[in-house]
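S.K.: Chains as they are written, first to last, in my numbering: chain A, 1 to 411; chain B, 412 to 678.
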Amino acid sequence: MSANAPAPAGQVPDAAGHFGRFGGRFVPEALVAALDELDAAYRKAMGDESFRAEFDALLRGYAGTPSLLYPAKRFSAKIGARVLLKREDLNHTGAHKVRNVLGQALLTKRMGKRRVIAETGAGQHGVATATAAALFDLDCVVYMGEVDTRRQALNVARMRMLGATVVPVTTGSRTLKDAMNEAMRDWVANVDDTHYLIGTAAGPHPFPEMVRDFVRGIGEEARQQCLDLTGALPDAVAACVGGGSNALGIFHAFVGDPGVRLYGFEAGGEGMESGRHAASITGGSSGVLHGARTYVLQNADGQTIESHSISAGLDYPGVGPEHAWLHDSGRATYTPVTDREAMAAFELLCRTEGIIPAIESAHALAGALKIAPGLAAELGREPVVVVNLSGRGDKDVHTAGEYFGILDKEQ
Amino acid sequence: MSRIGVAFDKARADGRAVLVGCMPAGFPTVEGSIAAMTAMVAAGVDVIEVEIPYSDPVMDGPVIQKASDIALTGGVRTADTLRIVEAVAATGAPVVTMTYWNPIEQYGVDAFARDLAAAGGTGLITPDLIPDEADEWLAASDAHGLDRTFLVSPSSTDARLRMTVEHCRGFVYATAIMGVTGARSQTSDAAPVLVSRVREVTDLPVGVGLGVGTGAQAGTVAGYADGVIVGSALVRCLLDAPDPAAGLAALRTLSAELADGVRDPRR
Chain A
1 MSANAPAPAG
11 QVPDAAGHFG
21 RFGGRFVPEA
31 LVAALDELDA
41 AYRKAMGDES
51 FRAEFDALLR
61 GYAGTPSLLY
71 PAKRFSAKIG
81 ARVLLKREDL
91 NHTGAHKVRN
101 VLGQALLTKR
111 MGKRRVIAET
121 GAGQHGVATA
131 TAAALFDLDC
141 VVYMGEVDTR
151 RQALNVARMR
161 MLGATVVPVT
171 TGSRTLKDAM
181 NEAMRDWVAN
191 VDDTHYLIGT
201 AAGPHPFPEM
211 VRDFVRGIGE
221 EARQQCLDLT
231 GALPDAVAAC
241 VGGGSNALGI
251 FHAFVGDPGV
261 RLYGFEAGGE
271 GMESGRHAAS
281 ITGGSSGVLH
291 GARTYVLQNA
301 DGQTIESHSI
311 SAGLDYPGVG
321 PEHAWLHDSG
331 RATYTPVTDR
341 EAMAAFELLC
351 RTEGIIPAIE
361 SAHALAGALK
371 IAPGLAAELG
381 REPVVVVNLS
391 GRGDKDVHTA
401 GEYFGILDKE
411 Q
Chain B
412 MSRIGVAFDK
422 ARADGRAVLV
432 GCMPAGFPTV
442 EGSIAAMTAM
452 VAAGVDVIEV
462 EIPYSDPVMD
472 GPVIQKASDI
482 ALTGGVRTAD
492 TLRIVEAVAA
502 TGAPVVTMTY
512 WNPIEQYGVD
522 AFARDLAAAG
532 GTGLITPDLI
542 PDEADEWLAA
552 SDAHGLDRTF
562 LVSPSSTDAR
572 LRMTVEHCRG
582 FVYATAIMGV
592 TGARSQTSDA
602 APVLVSRVRE
612 VTDLPVGVGL
622 GVGTGAQAGT
632 VAGYADGVIV
642 GSALVRCLLD
652 APDPAAGLAA
662 LRTLSAELAD
672 GVRDPRR
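(1) Start and end of the alpha helix (DSSP H) containing I371/A?
(2) Short of 7 angstroms in beta carbon distance, which residues of its chain neighbour V241/A, apart from the five on each side in sequence? Order them along the chain.
(3) So the candidates are M574/B, D569/B, L493/B, E668/B; which of them puts its Cα closest to the Cα of V639/B?
(4) Count the other CB atoms within 10 Å of the CB of K416/A; is the residue buried (16 or more) or exposed (fewer)?
(5) Work out the CA separation of D328/A and D467/B for me, nearest whole Å.
(6) Using a Cβ-Cβ distance cut-off of 8 angstroms, determine whether P538/B contacts chain A.
(7) List in chain order: all unbroken alpha helix (DSSP H) runs of 4+ residues lying wholly within the region 227–280 of chain A.
(8) In the DSSP assignment, find the alpha helix (DSSP H) that holds G567/B and state where it starts and stops.
(9) Is there contact between the region 536–552 of chain B and the region 454–470 of chain B, where contact requires at least three CB pairs shorter than 8 angstroms?
(10) Does any residue of chain D have a CB that is nearer than 8 angstroms to the CB of Y635/B?
(11) At a threshold of 7 angstroms, does V397/A count as lining the ligand GDP (C-beta to nearest heavy atom)?
(12) To be precise: take each residue of the region 481–515 of chain B, compare its Cβ to all Cβ atoms of chain A, and keep it if any distance is under 7 angstroms. Which residues remain?
(13) Is there contact between the region 495–502 of chain B and the region 471–481 of chain B, where contact requires at least three CB pairs shorter than 8 angstroms?
(14) Could you check what DSSP says for S444/B in three-state terms: helix, strand or coil?
(15) Who are the Cβ neighbours of D408/A in its own chain at under 8 angstroms, not counting the five residues just before and after it?
(16) What are the uninterrupted segments assigned as alpha helix (DSSP H) that are 4 or more residues long and contained completely in the region 148–213 of chain A, given in chain order?
(17) Who are the neighbours of R177/A on chain B, taking C-beta pairs under 7 angstroms?
(18) Write down the C-beta distance between G103/A and F214/A rounded to the nearest angstrom, noting that I regard them as a contact closer than 8 angstroms.
(19) For R114/A, which beta-bridge partners are listed by DSSP?
(20) For I475/B, report the span of its alpha helix (DSSP H) as first-last.
(21) Can you grab the Cα-Cα spacing for the pair D394/A / A629/B, in whole Å?
(22) Measuring CB to CB, does L84/A end up less than 8 angstroms from Y70/A?
(23) Compile a chain-ordered list of the residues in the region 641–675 of chain B whose CB is closer than 8 angstroms to at least one CB of chain A.
(24) For the structure I just gave you, are there three or more beta carbon pairs, one from the region 100–114 of chain A and one from the region 399–406 of chain A, closer than 8 angstroms?
(25) Quick one: grab the DSSP three-state call for N100/A.
(26) For a cutoff of 8 angstroms on Cβ pairs, would you count T399/A as touching chain B?
(27) CA-CA distance, A30/A and G426/B?
(28) Measure the CB-CB distance between R25/A and G287/A and report whether it falls below 8 angstroms.
(29) Taking the alpha carbon of W325/A as the point to measure from, which residue in Y62/A, K73/A, A201/A has its own alpha carbon closest?
(30) Since D301/A contacts T440/B with CB under 8 angstroms, what's their CB separation in whole angstroms?
(31) Quick one: what's C433/B bridged to in DSSP?
(32) Under 8 angstroms, do R580/B and H555/B count as touching if we go by C-beta distance?
(33) For H92/A, which residues of its own chain have a beta-carbon under 8 angstroms away from its beta-carbon, when the five flanking residues on both sides are left out?
(34) Please list, in chain order, all residues of the same chain as P28/A whose beta carbon is under 8 angstroms from its beta carbon, the five residues on each side excluded.
(35) Mind pulling the chain B residues with CB within less than 7 angstroms of F254/A?
(36) Express the C-alpha separation of I481/B and S444/B in angstroms, rounding to a whole number.
Written out as structure tokens, the structure reads:
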């Protein structure tokens with residue numbers, strides 16, 4: 001199956017973007033026309049052979065997909081499961097996110113818009129968007145919380161090298177959610193010539209469905225690669241969940257395989273009991289944030305609560321609505337992983353495989369470690385677990401270096 | 412007919428527009444916001460729009476964001492908003508509530524409608540709730556006799572404009588410009604066009620918001636709309652003042668100027 005064929009009929013979401021009780025459009029009326037225009041362009045493109053061929057050619061010839069499915073033997077021996085790593089970290093720009101931005105940048109061109117805006121937390125989506133904007137000759141403005149511009153100064157420099165304007169956001173908590181608010185405000189004012197290139201499978205319809213479709217090649221590739229490699233489907237698929245695009249990307253192809261367990265690992269930060277975490281499904285409740293109904297970290301009055309995670313890319317108080325639905329329906333299981341657990345798995349992968357993962361992806365590795373004993377006991381054999389290594393750790397060298405206390409003083 | 416409808420009818424009979432003044436609840440404090448809104452009524456504001464402060468106000472510009480932040484940092488709760496509505500409604504002026512959707516969803520849609528009606532509020536303006544997602548609110552507002560003001564935009568198609576207006580009760584909110592709240596040196600050319608498009612599909616009064624900050628601008632908008640909605644410029648009176656008394660004085664002065672403006676429609 002092609003990485004970007006249209007979704008089978010009868011699947012969620014419905015025509016208005018509802019995944020069960022989640023999703024939909026909670027947006028100013030001023031944006032509805034643009035969302036309708038985007039929805040129409042996206043559906044037309046997905047049914048258009050030439051669009052799919054162009055997207056496929058970019059994914060292969062520019063982004064470097066299909067990414068490898070790598071049997072991590074030394075890591076596997078340490079955790080008691082046969083771990084197959086989906087090496088999205090090897091993609092151009094260093095993460096799965098390039099798939100989504102290439103798809104949306106192509107759509108932007110088709111809609112005749114010549115400016116893209118984006119929000120970014122860790123800076124990965126900002127860098128990916130700036131990359132696509134350079135490739136497609138689009139103006140690019142990236143909104144980034146002021147706190148994050150300091151945490152991720154190198155990514156700010158990368159975006160500027162690629163020709164993007166980076167706007168530090170100084171409102172609210174000055175992090176990803178506020179960057180998203182600011183991008184929405186820009187979009188309301190400039191919707192005629194601007195596409196809002198949302199970086200995850202969240203936001204108003206059609207973004208959650210569209211972003212999922214642009215990244216679902218991850219799971220389609222992994223499913224076939226696993227069959228080729230092992231002769232069978234995996235017992236489980238594991239991914240980290242912030243907004244949740246990498247997780248949906250790898251889950252989607254397996255949703256119809258009842259024998260494949262789907263595990264999403266949220267950022268448990270300093271521990272659920274501390275209240276300092278970013279686990280919207282495990283520790284939040286149903287609400288409306290950034291254009292959709294989903295699980296949200298919020299107080300009793302519906303005010304968004306600040307999230308906390310060592311991983312800037314998971315540090316978001318909401319989650320894509322399809323995950324909320326997969327959780328409610330029981331098809332996927334969501335569990336928090338603390339900063340400490342993630343960093344232990346980060347170190348283990350570095351030392352056993354010579355791969356430095358993104359701290360986001362280290363949450364999925366730690367999750368695989370958690371579920372391995374139970375799965376082995378249940379199956380009576382070594383389980384096969386596909387882990388989405390959604391990004392590489394270059395951007396996290398400073399954070400991890402500080403965490404492990406291995407930076408020299410003058411650095 | 413709702414109390415807001417009566418206010419619009421009366422103004423129409425007098426050949427002028429209604430002045431709607433917006434202020435976040437709990438800014439700068441709960442008592443301070445009651446004092447501010449009461450002063451606005453005394454200075455000639457016809458309808459008070461109480462905005463429930465929200466952590467992620469995507470339709471608001473920097474001025475109302477800052478005021479909302481101050482209110483939330485001060486600990487204002489949704490229940491305080493209802494107390495403020497009740498206190499301001501006691502002046503006799505119609506009080507409408509503007510809110511992003513999540514605070515209402517968390518309070519409970521029907522419970523909020525019941526309590527808002529009991530507090531004397533006339534209804535809700537919902538900037539991020541479109542009729543497509545509003546089934547629960549449509550039912551609750553019917554059950555408790557509240558008005559529903561959805562927004563229409565210059566980008567709304569004719570079909571959406573008609574659909575949205577059909578779900579409105581009380582008045583229709585026309586967003587004059589493509590953008591967030593905040594006073595601007597010029598209001599837009601798109602606004603009169605949008606208002607006339609609304610008039611083609613309804614007899615409901617049309618309020619125009621986003622960008623009005625002076626008496627002259629109010630007069631211009633009053634020339635083609637039934638209501639002139641002012642927020643950021645009023646909020647700024649309090650934000651920029653050296654002390655609360657000076658803030659209230661500035662607020663009275665601007666309210667009176669705007670009230671004169673809506674009585675001098677430039678046609």
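Even glycine gets a Cβ: it sits at the ideal position worked out from N, Cα and C.
M.R.: Reading from the atomic positions:
(1) Bounds of the alpha helix (DSSP H) holding I371/A are 359–379.
(2) Cβ within range, chain order: A247, G264, F265, E266, V319, H323, Y334.
(3) Selected option, being the one with the closest Cα: E668/B.
(4) This structure gives no information on residue 416/A, because the portion of chain A shown stretches from 1 to 411.
(5) Between the alpha carbons of D467/B and D328/A lies a distance of about 26 angstroms.
(6) Judged by the 8 angstroms Cβ criterion, P538/B is in contact with chain A.
(7) Unbroken alpha helix (DSSP H) runs of no fewer than 4 residues, entirely contained in the region 227–280 of chain A, are found at 245–251, following chain order.
(8) In the sequence on display, residue 567/B carries Ser and not Gly. Unbroken run through S567/B: none, as it is neither H nor E.
(9) Yes, they touch.
(10) Structure shown: chain D not included; protein chains present are A and B.
(11) The ligand content of the structure shown is nil, which means the ligand GDP is not present either.
(12) Residues passing the 7 angstroms Cβ filter: L483, R488, T489, W512, N513, P514.
(13) No contact exists between the region 495–502 of chain B and the region 471–481 of chain B.
(14) DSSP places S444/B in helix when its eight states are reduced to three.
(15) Excluding its 5 nearest sequence neighbours in each direction, D408/A has no C-beta neighbour in its own chain below 8 angstroms.
(16) DSSP runs (the alpha helix (DSSP H)) wholly in the region 148–213 of chain A: 153–161, 176–190.
(17) In the sequence on display, residue 177/A carries Lys and not Arg. Near K177/A (Cβ distances below 7 angstroms), the residues of chain B are D467.
(18) Going by Cβ atoms, the distance from G103/A to F214/A rounds to 3 angstroms, so yes, they are a contact pair.
(19) In DSSP, R114/A forms no bridge with anything.
(20) I475/B -> alpha helix (DSSP H) spans 473–484.
(21) Just so you know, the alpha carbons of D394/A and A629/B end up roughly 55 angstroms apart.
(22) Judged by their CB atoms, L84/A and Y70/A are nearer to each other than the 8 angstroms cut-off.
(23) Sequence-ordered contacts of the region 641–675 of chain B with chain A are nonexistent [C-beta pairs closer than 8 angstroms].
(24) Short answer: they don't touch.
(25) Three-state result, N100/A: helix.
(26) T399/A does not count as touching chain B.
(27) When rounded, the distance between both Cα atoms is 30 angstroms.
(28) Their beta carbons are not under 8 angstroms apart, which means R25/A does not touch G287/A by this criterion.
(29) It is A201/A.
(30) Not quite, the Cβ-Cβ distance comes to about 17 angstroms (not below 8 angstroms), so this is no contact.
(31) The partner list for C433/B (beta bridge, DSSP) reads E460/B.
(32) A distance of 8 angstroms or more separates the beta carbons of R580/B and H555/B.
(33) Around H92/A: Y62, A63, G64, V98, T131.
(34) The residues are V188.
(35) Chain-ordered listing is empty here: chain B has no CB closer than 7 angstroms to the CB of F254/A, the nearest sitting near 31 angstroms.
(36) Approximately 12 angstroms between the Cα atoms of the pair.
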